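Residue numbers (the numbering used here), protein chains in the order written: chain A, 1203 to 1529; chain B, 2 to 241; chain C, 68 to 361.
Note that beta-carbon positions come from the ideal geometry of N, C-alpha and C, so glycine has one too.
Only a predicted model underlies this, so the values are computations on that prediction, with no experimental measurement involved.
Working notes for the structure below.
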């Protein structure tokens, strides 16, 4: 434990305290609503980042886990009359169980082929949930009657979900497992030569990634109270969106996905309010610009700038293991 | 007695091309065993067979009483065989320390122990001044040394070095050779590939010369250097 | 029996036009080694160009197609030169950022078109739109037949271009081994630009041929991206012949699926086939042919 590490924890604690204080300052339900959405996306982003950012396995199919988590909560209520809050326990587990066979299948493929296979799987989930009408209600979706409607309550639940996800991800990344995951991303052959069973560790990254995405899904269901397959299994609005969130904030960094989610949701809402029907277009242009000029996100971009100005050898674009090694 | 390392009638075919043709040799503990041959003679393929990156077509490979050719590639390292790559494969966006720690984690799960171990090895390989540099920013000579350091961190009993001196200037070559000797003195057996004869003559205890995947000579460096087949393979028909 | 053969013929005709679109994609993937998720959006833009020509200026879609091809050629060149090509210089942790950029381009194209034309369904009606040929009890639509033959003609011309002209040979050389091509004095960045333009033009041609048969709306692009992928993976990357075979297989599977299986599961079947090919037949149909020859 040296100084920098202590400072990092102190910073995290301050952020947490500030986040806890927010609902006493911002009381407008609309603003709280946006913050709750930010936390949902920050959670999915952080979970995706473990697999995509650190391990380098870019998944275009995380909507599958999000949707499975959301449906677990919704269907519990629909079929068994149980409180959808039980879905917060069941959803992530089901999502992780779904990830097991998916990992076995898709990790046979590398690079863009893995991305395509995940994309196809995400779509298969969407179509299956649309067509299995007896079980899922099909395209009509699932509606629940929420017991609690206080935005402040949902804010704190969402915050808890995000904090747990951040903490677990942080602990995984800053351990032997984290080193192995980044090694796999950087060079699979080199990793193999160091005795790292690459497929096994890719699964080690996938399972918590799916678990927390499922958790975010179950929370989302409880919050919005209505889902259908085109909302939660959506390719561009969930699977691709999460990648953009992470890219915007900072690939393979602790805070990147959270920052990315904040900017994304805020900008999205701002554009919707000000630009009317052109909002998605402007959004798309922004996406292109970010990928072209800031591919490692805001944190990565800042690091690069810092390096240019201060020539500090330790700052690594995109974090990677830089944070670890400075500890 | 169980031989330390033995390859028996190893064959590798890619489609119609025979890259390694019925090679057999043994390596004893503590030896530096050199493999030479012109470009494309099957040296790197042989390494890839030993480290199980490719499956053998036929033949057996034994190490320390263990049969290797049916193990998955990542288990080879657990058996005590480390390797480097001809085209270096650094973990580019990790620091030198991170690279070596990734290797050190084979025998420990503790961050502290891995770090201590890695720092020792970085020191041993003379990389201390680069410890916190990112691997992608290093010059080629340092990257080659990093490959060795990373492999050493897995505590190998046998180290496979693939063209450690290729692309280095004479001074850097000298340093590399010094390091290889120090590694051997620390008790690690080494199989080294090189097509620069001069380097091999200086450090190898025995040399295997191959061409078109087949053995053309095996013996002490002097014997191999005088062997007419070797001269022919290296210098062409006229000099034989 | 007649239903079956009519279904199959329909599938073949459709598949031929799909193949033209997929050849555009396979060309881009082969030369540039990128996954282009904006391909369907390019098809869609091409269709809108043809649509505008027909609606505003009364140009027959089969002539408007040439305008669309020209427009898309330049659009493709611009996208490649000023956007995708830039990524070569940027250091990114995720190598898939090229894929993501194409997603961004797809968004911009789709939303740009939506802004101009709204999300309404549109279609082009010509004097021969509903003409049908009757042939031993089977009814075959004239636009389908015409589209198929034009698609095959274009494929043949492309084949001649790639095998007979210097530019075409340079494209093939770059696809096979970029570094070697550069050593031989080929200007690789110019070639990739032209390739992207050509791929986009073929996408526009395929889309225009399908215009009399499909409703047009901004999101139709997704449909064509998915189809091109399935065809490209089925046929084997970078293979023109493979794309034709893949296109025919997909066309037939689709029309059989629509006739004999429920519409809902039709797409699931396609995706599952896609996954299976990806996993167990990574080289597509072409690798089967090779294996059989060897």
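Item, Value
"Close-in-space but distant-in-sequence residues of the same chain around residue 137/B (CB under 6 Å, 5 per side omitted)", "93"
"Chain C contact for residue 1408/A (CB, 8 Å cutoff)", "no"
"Residue 145/C beta carbon less than 8 Å from that of residue 113/C", "no"
"DSSP beta-bridge partners of residue 15/B", "18/B"
"Where residue 1228/A falls: helix, strand or coil (DSSP)", "coil"
"Where residue 53/B falls: helix, strand or coil (DSSP)", "coil"
"DSSP state of residue 85/C mapped onto helix, strand, coil", "helix"
"For residue 207/C, three-class secondary structure by DSSP", "strand"
"Residue 270/C burial status per 10 Å Cβ neighbour count (16 or more: buried)", "buried"
"Supposed contact pair residue 163/B and residue 86/B - C-beta distance, whole angstroms, cut 8 Å", "6 Å"
"Contacts of residue 1246/A in chain B (Cβ-Cβ under 8 Å)", "Under the 8 Å cutoff, chain B gives no residues; its nearest Cβ is about 24 Å from residue 1246/A."
"Per-residue burial, residue 236/B [other beta carbons within 10 Å of its own, 16 or more giving buried]", "exposed"
"C-alpha gap between residue 1256/A and residue 72/B, whole angstroms", "28 Å"
"Chain B contacts from the segment 1371-1382 of chain A (Cβ-Cβ distance under 8 Å)", "1376, 1377, 1378, 1381, 1382"
"Pair within 8 Å by beta-carbon distance, residue 1501/A and residue 1470/A", "no"
"Same chain only: Cβ atoms within 6 Å of residue 215/B, ignoring 5 sequence neighbours per side", "22"
"Complete runs of the alpha helix (DSSP H) confined to the segment 161-232 of chain C [at least 4 residues]", "164-184, 209-231"
"Length of the line joining the Cα atoms of residue 46/B and residue 1383/A", "27 Å"
"Complete alpha helix (DSSP H) runs within the segment 1389-1452 of chain A (minimum length 4 residues, chain order)", "1390-1395, 1400-1426, 1431-1434, 1443-1451"
"Local Cβ density within 10 Å of residue 1259/A, reported as buried at 16 or more and exposed below that", "buried"
"Local Cβ density within 10 Å of residue 1519/A, reported as buried at 16 or more and exposed below that", "Bear in mind that a pLDDT of 37 at residue 1519/A, under 50, signals an unreliable position, so the number given afterwards is only what the model happens to contain. By the 10 Å Cβ count, residue 1519/A comes out buried."
"Residue 202/C burial status per 10 Å Cβ neighbour count (16 or more: buried)", "exposed"
"Cα-Cα separation between residue 155/C and residue 165/C, rounded to whole angstroms", "9 Å"
"Three or more C-beta pairs below 8 Å linking the segment 118-126 of chain C and the segment 1415-1434 of chain A", "no"
"Minimum Cβ-Cβ distance from residue 1504/A to chain C less than 8 Å", "no"
"Cβ of residue 17/B within 8 Å of any chain A Cβ", "no"
"Segments assigned alpha helix (DSSP H), at least 4 residues, entirely inside the segment 97-162 of chain C", "106-124, 128-146"
"Sub-8 Å separation of residue 106/B and residue 1403/A beta-carbons", "no"
"Expected contact under 8 Å - CB spacing of residue 242/B and residue 165/B to nearest Å", "Residue 242/B is absent from the structure shown; chain B starts at 2 and stops at 241."
"Exposure label - residue 1220/A; buried when at least 16 CB within 10 Å", "exposed"
"Selected residue, minimal CA-CA separation from residue 172/B, among 205/B, 122/B, 44/B, 200/B", "200/B"
"Beta carbon of residue 82/C nearer than 8 Å to that of residue 318/C", "yes"
"DSSP state of residue 292/C mapped onto helix, strand, coil", "helix"
"Cutoff 8 Å: residue 1391/A Cβ touching any chain D Cβ", "In summary, chain D is missing from the structure at hand, where the protein chains are A, B and C."
"Integer Cβ distance of residue 59/C from residue 1449/A, believed to fall under 8 Å", "With chain C covering only 68 through 361, there is no way to say anything about residue 59/C."
"Reference residue 310/C, options 254/C, 219/C, 134/C, closest by Cα", "219/C"
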